[in-house]
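So the sequence lines, in the order shown, correspond to chains A and B.
Counting in our numbering, the first sequence runs from 322 upward without gaps.
Counting in our numbering, the second sequence runs from 52 upward without gaps.
Every residue gets a Cβ at the ideal spot worked out from N, C-alpha and C, and that includes glycine.
Report on the structure given below.
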Amino acid sequence: MNPQSLDQPWGRGFRVEHRHAFADGATLPAATFLPRGLGRSYGDVCLNDGGTLLHTFRRDRLLAFDEASGVLHCESGATLADIAQVMLPRGWFLPVVPGTRYVTVGGAIANDVHGKNHHIAGTFGRFVDAITLMRSDRAAPLELTATDPAFATTIAGLGLSGLMLDVRLRLMRVPGPGIEQETHRFGGRDGSGIDDNLELDADSSGWAYTVGWIDTLDRGLRGVFFRGRHAEGPASWFAPQPSRLTLPIDAPPWLLGHGSAKAFNALYYHLQSRRKPQRKQVPIWPFFFPLDAIGGWNRAYGRRGFIQYQFVVPTTAARETVPRILAHLRDAGVASYLAVIKTFGEIASPGILSFPMAGTTVALDIPAPDARDLSALDRADAMVADAGGRVYPAKDARMSPAMFRRFYPRWHELEAARDPAISSSFWRRVTARA
Amino acid sequence: MSEHPPPSRTRPIVVVGATSAVAQAAIRLWAGRGATLMLIGRNGAALEPIAADARVRGAGDVTVHAGELTDLAFIEACCTELTPAIALVAHGSLTDSSRAEASAAYLDDELRLNFVSTAQWMQRLALACERGGGGTVVALSSVAGDRGRGSNHAYGAAKAGLTAFCSGLRARMAARGVHVLTVKPGFIDSPMTAHITKKGALWATPERIAEGTLNAIDRRRNVVYLPGFWALIMLVIKHVPERVFKRLKF
């Protein structure tokens, strides 16, 4: 799987200049570089404007698998798609998966990704046993384990602490390639969506995966709650269906306005949900990776691209703050399709700059943000910070340095641990002097 | 989708130049089918992770043989005992035409690697297949061998030689149970072409080339262009009159 464009992030919208090099595991580029996987980050954490991108997506070998412990030793460019497809027929699956399987293990560690099972599993970084890290200022690669201080700045370290060569990752046993899935409608009365969602969530013990889709343009914050757990399934479910649909062109701008988003959300709500809860067995692939079935789905947002805004606020503040932030964005006229809501659990990450915290997270796609949208998001940042929450760097292309430092007060520890030869557009932006 | 015949467990699949991007992609596909693999390449340290990867993906026995691919003694040593079911010769180097113009030694080395050694491997491996009772030998040639271009005259010439050698070898081995397949890929997005960052619709991934190669082996094709549209492009290119062609800058 090749990256879509090497000089753009997944959210598109802008393009920068890079030199390109392939990681060979033996030498590092002479100039300032940034390790890069499949470039699925939405914003500028996967860019290094004016510098070198050191591509790892062909260092993707699976080196050994221990059937007894479930530990997979692989190169950092191995993709979750590949690992899942090789291991699922043997009864193993990744312990944490984000919304796309087209990410590398290195990228999943660097952004310490989370999934629909965060409430019981925590982040991806919790399942990493060891990392071999190559640094420009060290002659030999470092072998990091959970007790090393450098481990805490490599998990969620945005790729800045060195080039990850290979990784030992603990996989999880699953009964088969199926998911038992339930869907519930919620909300629809004035502002009740958040409460209903939290209630469904609290009621979901025994379900490994929970996530909600909410219509942020609806005052009642209506939505659809999904929960799932691993199940058996026919052998034909071991491999994903090849993606039949590829978006060949950019969507035209008129399709991306506020009105279209509203119509789309209403349509989705009525298509996806029945009044009564639904239960069915589905293959693992569409449950976790619905958008992977459409090649280049980011083109649906047109040439001007989109940004994603994902924030989390702590449990105690969630019930009051989340509706307030969403109402603020709605009143400011920020259009959003397919917002996702999820309750994070208590399990701490080994990474000091990890995004998740116990509380409620919401992710919104915002097509072609204009100046008005951006200032509305700046205001939302302040509301998130005041509630003690934070915004997700993997999806960001706009937060201010001041906000970044409020969200991640330990950022200077990563700066201190950063490989002097590594930098990214994101890091230069958020650490710039105000 | 075509039926995959189960690969023979006792007779291995041999891959020469196993570190090349297309070879690695093909090795993964064969490993997934449970094949026994023998991986040959210049750099032993680079071969080990490829062998490990093949084992994790389900290959049977995987062995690694490192040596100079242009060394006749090494070629002989690898091929004498061997009776492969399938052999893929995938090594090569994208010759820099300007450097080949400036340095006679470089031009000589490149022709030796891209033509002389690939022909030697194809010849020995075809005989090894015959000894085992038949099989398929595959050469990774190139569309560049269909016509010499100013920008890659040395590379194109070596590939043209390899293509011609394979067509003759195919005729020699046809009645002896050995099938010879010539694969002509177009532009491949791989470390060999990493310096070219502006890649358009003509570029294909090594995975796609590997898949096409395995399909062509299963279907006992003789010559395949991969992806298939290159057959049309090369048909046109081959028919441009030389007096026009020599003025084209590409």
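{"Asked": "Confirm, please, whether the CB-CB distance from A:Leu490 to B:Val107 is below 7 Å.", "Found": "no"}
{"Asked": "How about the stretch 468 to 476 of chain A and the stretch 515 to 532 of chain A: do they share at least three Cβ pairs that are nearer than 8 Å?", "Found": "no"}
{"Asked": "Can you give the Cα-Cα distance for A:Met455 and A:Arg739, rounded to whole angstroms?", "Found": "12 Å"}
{"Asked": "Output, in chain order, the set of chain A residues within a Cβ distance shorter than 8 Å of B:Pro100.", "Found": "Arg382, Leu384, Glu396"}
{"Asked": "So the alpha helix (DSSP H) B:Lys289 belongs to, where does it begin and stop?", "Found": "280 to 289"}
{"Asked": "For A:Phe747, which residues in the same chain have their Cβ closer than 6 Å to its Cβ, ignoring the five residues on either side in sequence?", "Found": "Asp365, Val366"}
{"Asked": "Count the other CB atoms within 10 Å of the CB of B:Lys210; is the residue buried (16 or more) or exposed (fewer)?", "Found": "buried"}
{"Asked": "Would you call the stretch 125 to 145 of chain B and the stretch 175 to 183 of chain B in contact, with 3 or more CB pairs under 8 Å?", "Found": "yes"}
{"Asked": "Using a Cβ-Cβ cut-off of 6 Å (strictly less than) and excluding sequence neighbours within five positions of B:Ala153, which residues of its own chain qualify?", "Found": "none"}
{"Asked": "Please determine, among B:Ala124, B:Glu161, B:Gly68, the residue with the shortest C-alpha to C-alpha distance to B:Gly212.", "Found": "B:Glu161"}
{"Asked": "Buried or exposed, going by whether 16 or more other CB atoms sit within 10 Å of the CB of B:Met52?", "Found": "Because the pLDDT of B:Met52 is 40, which lies under 50, any placement of that residue in the model is unreliable, and the number read from its coordinates should be weighed accordingly. Classification of B:Met52: exposed, given that the 10 Å Cβ count is below 16."}
{"Asked": "Verify whether the separation of the beta carbon atoms of B:Val140 and B:Thr169 is less than 7 Å.", "Found": "yes"}
{"Asked": "How is A:Trp528 classed by DSSP in three states: helix, strand or coil?", "Found": "coil"}
{"Asked": "List the whole-angstrom C-beta distance separating A:Phe445 from A:Ala467, where the pair is believed to meet the contact cut-off of C-beta under 8 Å.", "Found": "Incorrect: roughly 14 Å between the Cβ atoms, too far for contact."}
{"Asked": "Can A:Met408 be considered in contact with the ligand FAD, in the sense that its beta carbon sits closer than 6 Å to one or more heavy atoms?", "Found": "Annotation note on the ligand FAD: not contained in the displayed structure, which lists no ligands."}
{"Asked": "Below 8 Å on the Cβ atoms is my guess for A:Phe343 versus A:Arg379; work out the distance and round it to an integer in Å.", "Found": "6 Å"}
{"Asked": "What residue range does the beta strand (DSSP E) around A:Gly499 cover?", "Found": "499 to 507"}
{"Asked": "Indicate whether A:Thr453 and A:Pro462 have their beta-carbon atoms separated by less than 7 Å.", "Found": "yes"}
{"Asked": "Can you name the residues of chain B whose CB is closer than 8 Å to the CB of A:Arg361?", "Found": "Correct list: empty, because the minimum Cβ distance to chain B is about 17 Å."}
{"Asked": "Could you please give the first and the last residue of the uninterrupted alpha helix (DSSP H) stretch that includes B:Glu152?", "Found": "148 to 153"}
{"Asked": "Measuring alpha carbon to alpha carbon, tell me which of B:Leu120, B:Glu119, B:Trp81 ends up nearest B:Ile101.", "Found": "B:Trp81"}
{"Asked": "Looking at the secondary structure, which residues open and close the beta strand (DSSP E) in which A:Met455 lies?", "Found": "449 to 455"}
{"Asked": "Please classify B:Thr87 as buried or exposed, where buried requires at least 16 neighbouring CB atoms within 10 angstroms.", "Found": "buried"}
{"Asked": "Below 8 Å, how does it come out for the stretch 261 to 277 of chain B and the stretch 222 to 239 of chain B: are there three or more Cβ pairs, yes or no?", "Found": "yes"}
{"Asked": "Against chain A, does B:Val107 count as a neighbour if the rule is that its beta carbon must be under 7 Å from one of theirs?", "Found": "yes"}
{"Asked": "In chain A, what lies closer than 8 Å to B:Ala72 by C-beta?", "Found": "Arg379"}
{"Asked": "Name the residues in the stretch 396 to 413 of chain A whose C-beta lies less than 8 Å from a C-beta of chain B; which are they?", "Found": "Glu396, Val407"}
{"Asked": "For A:Phe335, which of A:Gly654, A:Ile628, A:Met704, A:Asp702 has the nearest alpha-carbon?", "Found": "A:Ile628"}
{"Asked": "List, in order along the chain, the chain A residues whose C-beta lies closer than 7 Å to that of B:Ala103?", "Found": "Arg382, Leu384, Ala385"}
{"Asked": "From the DSSP output, in three-state form, read off A:Phe610 for me.", "Found": "coil"}
{"Asked": "Report the rounded CA-to-CA distance for A:Ser397 versus A:Arg550, giving the unit in angstroms.", "Found": "28 Å"}
{"Asked": "Please report the straight-line C-alpha distance between A:Asp691 and B:Leu253, rounded to a whole angstrom.", "Found": "36 Å"}
{"Asked": "Where are the alpha helix (DSSP H) runs, 4 residues long or more, that stay fully inside the stretch 596 to 658 of chain A, in chain order?", "Found": "605 to 609, 636 to 652"}
{"Asked": "Check whether the Cβ atoms of A:Ala656 and A:Glu667 lie closer than 7 Å to each other.", "Found": "no"}
{"Asked": "Residues in its own chain within less than 6 Å of B:Cys217 by CB, not counting five upstream and five downstream?", "Found": "Ala190, Val231, Thr233"}
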